[in-house]
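Residue numbers (my numbering), protein chains in the order written: chain A, 197 to 363; chain B, 154 to 961.
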């Protein structure tokens with residue numbers, strides 16, 4: 197992205213819009229049980245935000261500024277770095293970790309049900325009453341599963357974008 | 154006494170668990186993983202032995218699939234037959250894994266080797282104890298798959314790959330035939346449970362046979378299951394994979410291809426014997442068994458490699474066992490069961506021992522060619538001792554173990570011929586004829602140790618104890634069985650052994666309540682009966698013919714080189730023909746994405762359309778089309794956008810117009826009261842648009858002029874796809890069942906007015922789509938996100954590691 201630098205407008209818009217998108221994504225994720233939203237949609241929206249940063253600012257910025265990683269080139273885990281042509285998106289490792297955490301969370305939330313003596317992936321709802329302003333809040337255990345879905349979607353799509361984008 | 158179900162779970166499950174942990178163990182123990190694995194096998198062996206000695210017999214069952222009418226239980230059954238195969242799998246497993254510790258010392262890929270060997274052992278134990286047809290099939294194919302990996306152990310060698318593919322093709326395909334046969338049985342019997350309950354197939358054998366006959370399915374079911382057994386047990390003409398399988402390391406040959414996996418087919422025949430016994434059964438299996446026994450014995454005489462000789466000999470002995478189990482009529486049925494049951498045990502003992510000896514020879518002398526070897530007893534005295542016991546057992550020489558089971562076969566064939574007369578008299582003649590060749594090659598193998606040592610043979614090392622002990626142990630077992638016959642003649646029976654074989658015979662006996670198995674015993678004959686005369690003839694002919702062994706071998710080789718006579722030739726022709734079909738390569742496998750997309754879409758469309766045509770799906774009437782104005786406008790814009798895509802002058806314009814279409818669909822969803830769908834569609838559309846723009850930046854603006862016929866082809870293909878989708882939408886939306894599934898979910902999804910603190914049965918959320926995703930069908934969702942994860946991982950593998958192959 198060095199040869200045609202994005203315009204100032206694009207940079208500024210992204211700077212303003214990305215936080216809003218991320219907050220919206222989290223809101224969508226959390227309200228999923230009772231209103232349109234959920235893990236999948238929230239995840240895709242988050243990826244849109246990241247993709248915007250990536251396209252406008254580049255993968256390098258993404259690594260150094262957002263994830264505080266040192267620099268490219270970095271190889272995949274276990275792969276020796278030989279020369280600069282071996283450049284790999286170093287963030288891939290982080291993304292795959294997000295992916296793994298998501299899967300573990302989703303499956304783990306189902307195993308909790310087994311531990312309590314219910315079939316795999318049984319979900320429960322708790323109503324917390326007496327909270328100021330809201331009076332009553334519904335807390336669904338399915339949210340844990342949804343967050344798992346969210347992480348898998350975010351990790352999976354970002355991995356694909358990072359790997360393919362680095363080509 | 155009922156078997157303890159957790160013990161059963163450990164017997165079958167532990168090897169798999171150990172296989173999964175092998176990478177860890179290997180990191181800790183290195184080479185000694187062999188002994189850790191042997192310990193795992195020993196645990197299984199001990200528990201099988203515990204079942205055997207405590208008299209635990211019966212069914213152990215866990216519910217697996219409990220869909221009504223399609224119940225599949227993870228059930229295992231303990232009886233004499235399953236214990237026998239269980240003993241072989243785990244007991245020989247202990248010896249083989251110990252032996253591998255010495256044999257695999259300098260070999261590559263040990264971690265994979267031990268893990269696969271353990272997984273194989275677990276699968277084989279599963280086959281032995283499975284009491285449900287589906288479970289049996291699953292473990293059955295698992296043995297084929299692990300065998301495939303083990304045969305192809307030396308992945309770099311093309312002969313290894315060829316052998317692995319051949320065995321996979323034959324045994325797995327055989328398993329699929331068997332599955333079809335199973336389905337016939339289950340369809341008739343109404344259950345997949347093979348034995349152990351009152352409703353099980355074996356409990357209703359009589360009515361099952363009649364029912365199948367009435368439907369004309371008896372012979373097909375019999376033949377299909379027979380093909381499965383024949384493929385696994387290397388019966389002619391499906392025997393061709395077994396000699397090639399000798400490409401595997403010798404422990405594998407000894408374990409899988411002589412003692413256990415090939416026994417699966419024999420086991421199947423024994424297991425189904427009470428269920429399907431009939432005239433056709435007898436004809437099929439006696440003929441198949443005797444032909445295999447003879448043909449494979451002749452081929453063994455023509456072998457030039459010691460492992461090849463043993464491989465053909467294995468096929469030959471499996472033929473003997475199958476012929477034994479095949480005999481069900483003419484008052485000879487009991488002898489048949491005794492032949493099969495006893496020879497499974499005898500053959501496993503002597504053949505595994507001989508394979509281990511072959512491994513020692515190959516490892517220490519550095520050659521497997523029969524002509525290069527001789528006089529080995531000076532350097533390998535222990536192996537020579539083992540070979541004397543095992544080879545004479547294989548030859549059927551009294552008083553060694555193979556003699557007794559062969560006597561039962563002679564007796565069975567003679568009794569059958571005597572009772573039925575006519576053409577059946579061929580059977581005893583063929584049995585003797587085949588046995589002469591068995592005698593010949595057995596003695597030839599024995600003679601490797603005697604006579605002059607060729608000068609070309611260098612110094613022979615002494616093998617490590619880990620390689621000698623297992624062979625000795627097997628020879629001791631074989632020797633003890635032989636000894637039992639001598640002592641029995643003197644009136645002293647080896648009680649536990651005879652009792653055990655009695656139970657095996659009982660499990661394969663046709664009349665389950667019959668008492669013949671109850672007095673199984675074997676002894677050296679003291680007076681000249683017909684079977685004794687047959688044995689004497691065999692040995693006499695063998696002794697006379699042995700001096701002409703080399704001439705015989707040349708004749709066999711000349712016959713074998715005639716391609717029309719060789720089953721291998723047919724196999725190679727077929728596989729090669731399929732492999733090299735240029736038509737497939739040039740039209741479908743072009744390596745171009747657009748060809749794949751074209752073929753895939755067209756195939757799906759054509760099959761869908763065919764399905765509609767065969768099901769005679771009617772199109773709904775068009776009269777009731779009534780759309781609100783906003784929807785018409787949105788769809789109108791979509792149609793215009795779709796048309797505009799085809800006219801777009803550049804990629805960017807094309808993508809942008811395409812996304813107009815996508816956004817219109819999203820608005821359509823909003824109008825159709827599906828906010829969740831709309832949200833998803835909008836987001837995906839946005840993401841795809843952004844990604845497309847990213848990629849388009851790098852693409853050339855112009856590809857060049859497309860040829861006219863390509864354009865025509867693409868237009869036709871897209872028309873077909875479009876019509877298919879259009880029809881599908883029409884047909885699916887026309888169906889409006891009386892009770893809609895959405896109501897079911899709507900009733901149960903939301904928070905009820907009177908709610909407690911916990912809701913467990915149903916969803917408990919207001920957004921029904923999300924509740925379905927995370928509550929009702931969470932398992933589905935889990936599967937889907939696993940697919941996403943897998944896709945991401947494959948992208949990493951495909952894209953980021955694609956150059957690695959060149960560097961390694």
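Note that CB positions come from ideal geometry on N, CA and C, so glycine has one too.
Remember, predicted model here, so these are calculated numbers, not experimental data.
Contacts of residue i in chain B (Cβ-Cβ under 7 angstroms)
{"i": "residue 308/A", "result": "Result: empty, since nearest Cβ-Cβ is about 12 angstroms, beyond 7 angstroms."}
{"i": "residue 352/A", "result": "941, 942, 944 and 945"}
Supposed contact pair residue j and residue i - C-beta distance, whole angstroms, cut 8 angstroms
{"i": "residue 565/B", "j": "residue 489/B", "result": "5 angstroms"}
{"i": "residue 480/B", "j": "residue 435/B", "result": "6 angstroms"}
{"i": "residue 486/B", "j": "residue 663/B", "result": "6 angstroms"}
{"i": "residue 298/A", "j": "residue 240/A", "result": "Contact flag wrong, Cβ pair sits at about 14 angstroms."}
{"i": "residue 304/B", "j": "residue 388/B", "result": "With a Cβ gap of about 19 angstroms, residue 304/B and residue 388/B do not count as contacting."}
{"i": "residue 467/B", "j": "residue 385/B", "result": "No, residue 467/B and residue 385/B are not in contact; Cβ-Cβ is about 12 angstroms, not under 8 angstroms."}
Contact set between residue i and chain A, taken where Cβ atoms lie within less than 7 angstroms
{"i": "residue 939/B", "result": "299"}
{"i": "residue 836/B", "result": "237, 240, 241 and 244"}
{"i": "residue 829/B", "result": "232"}
Residue i at chain A interface by Cβ criterion, 8 angstroms
{"i": "residue 229/B", "result": "no"}
{"i": "residue 852/B", "result": "no"}
{"i": "residue 216/B", "result": "no"}
{"i": "residue 156/B", "result": "no"}
{"i": "residue 515/B", "result": "no"}
{"i": "residue 449/B", "result": "no"}
{"i": "residue 902/B", "result": "no"}
{"i": "residue 808/B", "result": "no"}
{"i": "residue 952/B", "result": "yes"}
{"i": "residue 308/B", "result": "no"}
{"i": "residue 811/B", "result": "no"}
CB contact check: residue i to chain B, cutoff 8 angstroms
{"i": "residue 234/A", "result": "yes"}
{"i": "residue 251/A", "result": "yes"}
{"i": "residue 361/A", "result": "yes"}
{"i": "residue 349/A", "result": "yes"}
{"i": "residue 270/A", "result": "With a pLDDT of only 46 at residue 270/A, under the threshold of 50, the placement of this residue in the model should not be trusted; the figure read from the coordinates follows. Taking Cβ atoms only, chain B never reaches closer than 8 angstroms to residue 270/A, which makes this a no."}
{"i": "residue 280/A", "result": "With a pLDDT of 44 at residue 280/A, under the threshold of 50, the modelled position of that residue is not reliable, and the figure given next carries that caveat. By this cut-off, residue 280/A is not an interface position."}
{"i": "residue 341/A", "result": "yes"}
{"i": "residue 255/A", "result": "no"}
{"i": "residue 365/A", "result": "It is not possible to answer for residue 365/A, since the shown part of chain A is limited to 197 through 363."}
{"i": "residue 304/A", "result": "no"}
Amino acids of chain B, ordered along the chain, whose beta-carbon sits closer than 8 angstroms to that of residue i
{"i": "residue 317/A", "result": "931, 932 and 935"}
{"i": "residue 149/A", "result": "Absent from the model: residue 149/A. The displayed extent of chain A is 197 to 363, so no value can be given."}
{"i": "residue 206/A", "result": "Chain B residues near residue 206/A: none, gap ~12 angstroms exceeds 8 angstroms."}
{"i": "residue 329/A", "result": "None at all; the shortest Cβ gap to chain B is about 19 angstroms."}
Buried or exposed by the 16-neighbour rule on C-beta atoms within 10 Å, applied to residue i
{"i": "residue 557/B", "result": "buried"}
{"i": "residue 211/A", "result": "exposed"}
{"i": "residue 872/B", "result": "exposed"}
{"i": "residue 395/B", "result": "buried"}
{"i": "residue 368/B", "result": "exposed"}
{"i": "residue 614/B", "result": "exposed"}
{"i": "residue 273/B", "result": "buried"}
{"i": "residue 342/A", "result": "buried"}
{"i": "residue 867/B", "result": "exposed"}
{"i": "residue 179/B", "result": "buried"}
{"i": "residue 216/A", "result": "exposed"}
Closer than 9 angstroms at the beta carbon, the chain A residues around residue i
{"i": "residue 554/B", "result": "In chain order: nothing, as chain A lies at least about 51 angstroms away."}
{"i": "residue 815/B", "result": "Chain A residues near residue 815/B: none, gap ~14 angstroms exceeds 9 angstroms."}
{"i": "residue 874/B", "result": "Result: empty, since nearest Cβ-Cβ is about 26 angstroms, beyond 9 angstroms."}
Interface residues of chain A facing residue i [CB-CB closer than 8 angstroms]
{"i": "residue 839/B", "result": "244"}
{"i": "residue 949/B", "result": "272, 288, 292, 355 and 359"}
{"i": "residue 919/B", "result": "229, 230 and 231"}
Within chain C, partners of residue i - CB distance below 9 angstroms
{"i": "residue 534/B", "result": "The chain labelled as chain C is not found among the protein chains of the depicted structure, namely A and B."}
Residue i Cβ short of 7 angstroms to the ligand PLP heavy atom set
{"i": "residue 316/B", "result": "Among the ligands in the structure shown, none appear at all, so the ligand PLP cannot be discussed."}
Return the residues of the segment 272-288 of chain B that lie within a Cβ-Cβ distance of less than 7 angstroms from chain A, sorted by chain order. none
Listed in chain order, which residues of the segment 204-229 of chain A have Cβ atoms closer than 9 angstroms to some Cβ of chain B? 224, 227, 228 and 229
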